[in-house]
Amino acid sequence: MTRFRLAVLGGDGIGPEVVAEAVRVLRAIESTTDHRFELTEDLVGGAAIDAHGTALRRETVALARRSDAVIFGAVGGPKWDDPRAAVRPEQAILGLRAALGTFANLRPARMQPALVHLSPLKAEIVQGADVLFIRELVAGTYFARPKKYWQDARGTWRAVDTTAYTEPQVERTVRMAFELARGRRKKVHVADKQNVMATSRLWRDVASRLAADYADVEFQAILTDALAMHLLYRPSAFDVIVTDNLFGDLITDEAAVLAGSMGLMPSASLGSARNRHGGYRGLYEPIHGTAPDIAGKGVANPMAAIQSLALLLRYSLRLEREARAVERAVDDAIELGLRTPDIARPGERTATTTAVGEAVVEAVLRELRS
Ligand code: IPM
Ligand code: MG
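Residues -11 to 358 in the working numbering are what the sequence shown lists, from first letter to last.
Here it is, written out as structure tokens:
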């Protein structure tokens, strides 16, 4: 029997609802294998601000650090929306990424054949799209200093953000892209703005140098603005795309168009730290956010959270068989027509969050028992 320790941080809005379904899937795995999952829940984001006055308590960081992996929902909401407030929900996720050193954010976007109708793109374009984005997550524009917004002596408002990278920061992220490409279609694009940005020239130089170590992987650099267009014109030309923090944030929201719904986009954030099981000590979150407009209504799509769990099983717990079972179970639920409103056809009967969770649980049990 193997015991795994997981931190469960549901957060705000639909975060706790979708995470609860992922936990149900985990319990189903427990019931039919000899893996045991010890789960510890805590508040983060707006919920933690309300309860403790801070988005991310020191105790929560310690919990995340001693866990084998972290299941994360989403943080934020209208109640805590003032971007100038000193205490903001986003500090929870940014703080956890920094504290865990999870520099590589994996965001797979795959079009399920049964869901082609969801995309605003033509079926023949989006059919077969299967792209793995790797976004640098703990440096660059969102973290580098100086970062400030102030009034100078003449009374003029000024603001500055800094984009800064070091060669090791770029190298570890790009290396992850090449390694993962080897298990896929062996093609890596680095996306940058090397025509205008010094940090982008560093990215391109480091990536080009590393490409020589991976002669079996096809490598190409592309300007991020051009990529934004090509992704929608010819998504199947891409396999693995690696890029910096800011570009990766933008381009992966665009990529939701390739998966059909934000409700289907999982993510894994990995660093170099390993857990007691030899896997990555990672953080796993759906990328859809808190969706305050549908929170509490039982209609949120738990599939991104459940697929994030599959990534957790694969990368942190090294349970590949269970990871595949969960992924196939999600596909099964979609094929069986269990669809929350975000992925239903007009007029089609829709399923609730828990009904989808239950269907996935049933399918996982079938997969693991067969
Ligand atoms: C994301 C989100 C976050 C980010 C926000 C909430 C800080 O947009 O995970 O993509 O930009 O990293
Ligand atoms: Mg984002």
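Yeah, the Cβ is synthetic: ideal placement off N, Cα and C, and Gly gets one too.
Say yes only if the C-beta of D0 is nearer than 8 Å to one or more non-hydrogen atoms of the ligand MG, and no if none qualify.
no
Under 9 Å between C-beta atoms of R98 and L246
Yes, they are a contact pair.
Residues that E310 bridges to, as DSSP identifies them:
None, per the DSSP bridge assignment.
Which listed residue (D204, A195 and Y202) has its alpha carbon closest to that of I210:
A195
Within 8 Å, do at least three Cβ pairs link the segment 325 to 332 to the segment 30 to 47?
no
Which residue wins for smallest C-alpha separation from L120, given the options A225, G277 and V(-4)?
A225
C-alpha distance - V11 paired with R146, whole-angstrom precision
46 Å
Between which two residues does the beta strand (DSSP E) carrying R(-7) extend?
T(-10) to G(-1)
Does the segment 231 to 247 come within contact of the segment 196 to 203, defined as at least 3 CB pairs closer than 8 Å?
no
Measuring only the C-alpha atoms, how far is P254 from P71?
26 Å
Considering only C-alpha positions, which residue in the set V148, K181, T129 and E308 is nearest to W138?
V148
Option nearest I81 by Cα separation, candidates S257, R312, G335 and G143:
Measuring C-alpha to C-alpha distances from I81 to each of S257, R312, G335 and G143 identifies S257 as the nearest.
Going by beta-carbon coordinates alone, are G61 and G116 separated by less than 9 Å?
In this structure, G116 does not lie closer than 9 Å to G61 by Cβ.
Roughly how many angstroms lie between the CA atoms of L27 and D56, to the nearest whole one?
10 Å
Which residues count as close to the ligand MG when the rule is a CB under 7 Å from any of its heavy atoms, in chain order?
D237, T240, D241 and I275
Could you tell me which of A203, G83, P134 and A127 sits nearest to E155, measuring between CA atoms?
A127
Indicate the three-state DSSP secondary structure (helix, strand or coil) for R172 in the structure shown.
coil
Any heavy atom of the ligand IPM closer than 8 Å to the beta-carbon of L31?
Set against 8 Å, the gap from the CB of L31 to the closest heavy atom of the ligand IPM is not smaller.
Sequence-distant residues of its chain with Cβ nearer than 7 Å to A35 (five each side left out)
G(-1) and D0
When burial is assigned at 16 or more other CB atoms within 10 Å of the CB, is R24 buried or exposed?
exposed
Hey, is the segment 173 to 184 in contact with the segment 205 to 221, meaning 3+ C-beta pairs nearer than 8 Å?
The segment 173 to 184 vs the segment 205 to 221: in contact.
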